[in-house]
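Asks: If you use this note's numbering, the sequence shown corresponds to residues 9 to 392, in order.
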Amino acid sequence: MKTIRETIVDILVEIEKSQSYVQLILKKYLEQFEILDRKFITEVVNGTIQHQITLDYYINTLSKTPVNKMKPFIKQLIRMSAYQLLFLDKIPTPAIINEAVNIVKRRKMTNLSGFVNGILRNLDRQKDNIVLPTEPIECFSVKYSMPAWIIQMWNNVYNHAEIEKICSSLNRRGKVCGRVNNLKTSKEQLKILLNRENIDITDGKFIEESFYLNNVTSIGNVSSFKEGLWTVQDESAMLVSKVLNPQKGDIILDVCAAPGGKSTHIAQLIQNEGQIISTDIYEHKLELIQKNADRLELSCITPVLNDGTIFKEAWENKFDKILLDVPCSGLGILSKKPDIKYKRTLSDIHELVKIQKKLIENNIKYLKPNGILVYSTCTISKLE
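#1: Going by alpha carbons, who is nearest to leucine 270 out of Val17, Phe81, Val240 and Leu32?
#2: Where in the stretch 50-135 do unbroken runs of the alpha helix (DSSP H), each at least 4 residues long, occur, reported from the N-terminal end onward?
#3: With proline 144 and histidine 168 assumed to form a contact (beta carbons below 8 angstroms), what rounded beta-carbon distance in angstroms separates them?
#4: Quick check for students: name the residue ranges of the beta strand (DSSP E) that lie wholly in the stretch 219-287, counting only runs of 3 or more.
#5: Going by alpha carbons, who is nearest to serine 1 out of Tyr374, Ile159, Ser249 and Glu295?
#6: Have a look at Val184, Ile23 and Gln255 and flag the residue whose alpha-carbon is nearest the alpha-carbon of glutamine 283.
#7: Excluding the five sequence neighbours on either side, which residues of its own chain have a C-beta within less than 6 angstroms of the C-beta of isoleucine 215, listed in chain order?
#8: If you follow the alpha helix (DSSP H) that asparagine 163 is in, where does it begin and where does it stop?
#9: Report back the beta-carbon spacing between isoleucine 259 and phenylalanine 327 to the nearest angstrom; my notes put them in contact at under 8 angstroms.
#10: In the structure shown, what three-state DSSP assignment does lysine 376 receive?
#11: Out of Thr317, Ile357 and Ile200, which has the shortest C-alpha to C-alpha gap to cysteine 336?
#12: Quick one: what's got a C-beta closer than 7 angstroms to leucine 422's C-beta in the same chain, skipping five residues either side?
#13: Going along the chain, which unbroken runs of the beta strand (DSSP E) with 3 or more residues stay wholly within the stretch 280-348?
#14: Is there at least one non-hydrogen atom of the ligand NAD closer than 8 angstroms to the beta-carbon of threonine 239?
#15: For threonine 101 and leucine 85, what's the separation of their Cα atoms in angstroms?
#16: If you drop the 5 nearest sequence neighbours on each side, which residues of the same chain put their C-beta closer than 8 angstroms to that of glutamate 24?
#17: Identify, in the order they occur along the chain, each residue of the same chain with its Cβ nearer than 8 angstroms to the Cβ of isoleucine 348, setting aside the five sequence neighbours on each side.
#18: Quick check for students: name the residue ranges of the alpha helix (DSSP H) that lie wholly in the stretch 166-227, counting only runs of 4 or more.
#19: Per DSSP, what are the beta-bridge partners of leucine 381 in this structure?
#20: Among Phe41, Val124 and Phe95, which one has its Cα closest to the Cα of isoleucine 107?
#21: Looking at the unbroken alpha helix (DSSP H) that takes in proline 144, where does it start and where does it end?
#22: For methionine 9, count neighbouring Cβ atoms within 10 angstroms of its own Cβ and tell me buried if that reaches 16, exposed if not.
#23: Locate the alpha helix (DSSP H) running through threonine 15, then write down its first and last residues.
What follows is the structure in structure tokens.
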């Protein structure tokens, strides 16, 4: 049977080979493990991907064979081990190195065990002596594991202190944030119910109905979640619905609404009294919206298949409020989805901007006179 760390390497190899999203592949592997093991696997997989540029810089400084010339399995094994050596201080160094060497031998790559052992031991000895690049863009890129083109883009808008602040924040993985369904329970009552399941929560920072889960690993198994007493949503996403300021009886359009977090929050804010049309261009995403609305028992939401860039005459001047949460580069949520930064390019952003402009130009026509449209993204790219 494979060890936990061996499984982590296989996950990392599959992620790089398939170019699929991290969470999809993680989900496939995690089911076979206990909760504590799942937590460790998730931490090391996400951490290795999040800090990949930094890890590769350190490894390349010490290895005669560049990372991009290594066999896929060996490359990911060294990255994973380097992440533990550099960023996780609770694991003894000998355990990290010995396990890496044993994995190589179990995979019948014994001829490479000395290579792996040498790099990791050298990294452990030299990690505090490795010098970062002196050129600012390259330095930020290596220090914060951020592609240089993103740093360059931010450099056109922000000063160096602001860039450091942004990068540091995006490398800090936050706790899971929840939102109380205050049509079914109160936060005080929910705290009692969650405590019965040994789950501790603390209040959110900005939104009254928000809270942070301090010690949960499998949300789908929590009784109060299944009963629709709360859902998962970041406070930044909740702020968007607050800005929209929906009122009871409003007819509201939520464009690009899947998976329905903002639609369900709006429904709570209007106390399920009004009409919310939640649109997406994919049928399976509409099913997600409906599933979330059903779980939270919010009947005022109607999922509708619709392309937001194409004019729909029947909707002209129909809506009191419109939420336009557009498809974007996602650069503001790298702490949750670190793989995004390796999938995006500057040309992608320019293409997204074209779509975003079309969405604004088209959906503004659906507003009633004196109506409100809120445009939101989960990126910090000024172009978007």
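Positions of the beta carbon are idealized from the N, C-alpha and C atoms, including for glycine.
Replies: From the atom records:
#1: For the purposes of this step, residue 270 is taken as the residue at position 262 of the sequence shown. A small fix is needed here, since residue 270 is lysine in this sequence, not leucine. Lysine 270 has its Cα closest to that of Val240, out of Val17, Phe81, Val240 and Leu32.
#2: 60-70, 80-95, 101-114 and 121-134, all fully within the stretch 50-135.
#3: For the purposes of this step, residue 144 is identified with residue 136 of the sequence shown, where counting begins at 1. For the purposes of this step, residue 168 is identified with residue 160 of the sequence shown, where counting begins at 1. Rounded to whole angstroms, the Cβ separation of proline 144 and histidine 168 is 6 angstroms, and the two are in contact under 8 angstroms.
#4: For the stretch 219-287, whole beta strand (DSSP E) runs of length 3 or above, ordered along the chain, are 238-240 and 259-263.
#5: Only positions 9 to 392 of the chain appear in this structure, which leaves residue 1 out of reach.
#6: Mapped onto the sequence shown, residue 283 falls at position 275. Of all alpha-carbon atoms in Val184, Ile23 and Gln255, the one lying nearest the alpha-carbon of glutamine 283 is that of Gln255.
#7: As a position in the sequence shown, residue 215 is number 207, starting the count at 1. Spatial neighbours of isoleucine 215 in its own chain (CB-CB distance under 6 angstroms, excluding positions within 5 residues in sequence) are listed in chain order as Glu243 and Met246.
#8: Locating residue 163 in the sequence shown gives position 155, where the first residue counts as 1. For asparagine 163, the enclosing alpha helix (DSSP H) covers residues 156-163.
#9: Taking the first residue of the sequence shown as 1, we reach residue 259 at position 251. Taking the first residue of the sequence shown as 1, we reach residue 327 at position 319. In this structure isoleucine 259 is in contact with phenylalanine 327, their Cβ atoms being roughly 5 angstroms apart against a cut-off of 8 angstroms.
#10: Along the sequence shown, read from residue 1 onward, the residue named residue 376 stands at position 368. DSSP places lysine 376 in the strand class (E or B) of the three-state scheme.
#11: Translated into the one-based positions of the sequence shown, residue 336 becomes position 328. Comparing C-alpha distances from cysteine 336 to each of Thr317, Ile357 and Ile200 shows the shortest one belongs to Ile357.
#12: Any property of residue 422 remains undetermined from this structure, which presents the chain solely from 9 to 392.
#13: Within the stretch 280-348, the runs of beta strand (DSSP E) that reach at least 3 residues and sit entirely inside it are, in chain order, 283-288, 309-313 and 327-333.
#14: Absence of the ligand NAD from the depicted structure is noted, as is the absence of any ligand whatsoever, leaving it without description.
#15: In the sequence shown, residue 101 corresponds to position 93, counting from 1. In the sequence shown, residue 85 corresponds to position 77, counting from 1. One C-alpha to the other measures close to 15 angstroms.
#16: Along the sequence shown, one-based indexing puts residue 24 at 16. For glutamate 24, the CB contacts under 8 angstroms within the same chain, skipping 5 residues up- and downstream, are Pro80 and Gln84 in chain order.
#17: For the purposes of this step, residue 348 is taken as residue 340 along the sequence shown, with counting starting at 1. Only Ser337, Gly338, Leu339, Ile341 and Leu342 meet the Cβ criterion.
#18: Within the stretch 166-227, the complete alpha helix (DSSP H) runs of at least 4 residues are 168-178 and 195-204.
#19: For the purposes of this step, residue 381 is taken as residue 373 along the sequence shown, with counting starting at 1. Under DSSP, leucine 381 forms a beta bridge with Ile330.
#20: For the purposes of this step, residue 107 is taken as the residue at position 99 of the sequence shown. Residue identity differs from the one stated: residue 107 is glutamate in this sequence, not isoleucine. The option with the nearest alpha carbon to glutamate 107 is Val124.
#21: Looking up residue 144 in the sequence shown gives position 136. For proline 144, the uninterrupted alpha helix (DSSP H) segment begins and ends at 144-152.
#22: Locating residue 9 in the sequence shown gives position 1, counting from the first residue. Around the beta carbon of methionine 9, fewer than 16 other beta carbons sit within 10 angstroms, so the residue counts as exposed.
#23: The sequence position of residue 15 within the sequence shown is 7, counting from 1. Threonine 15: member of the alpha helix (DSSP H) spanning 12-26, first to last residue.
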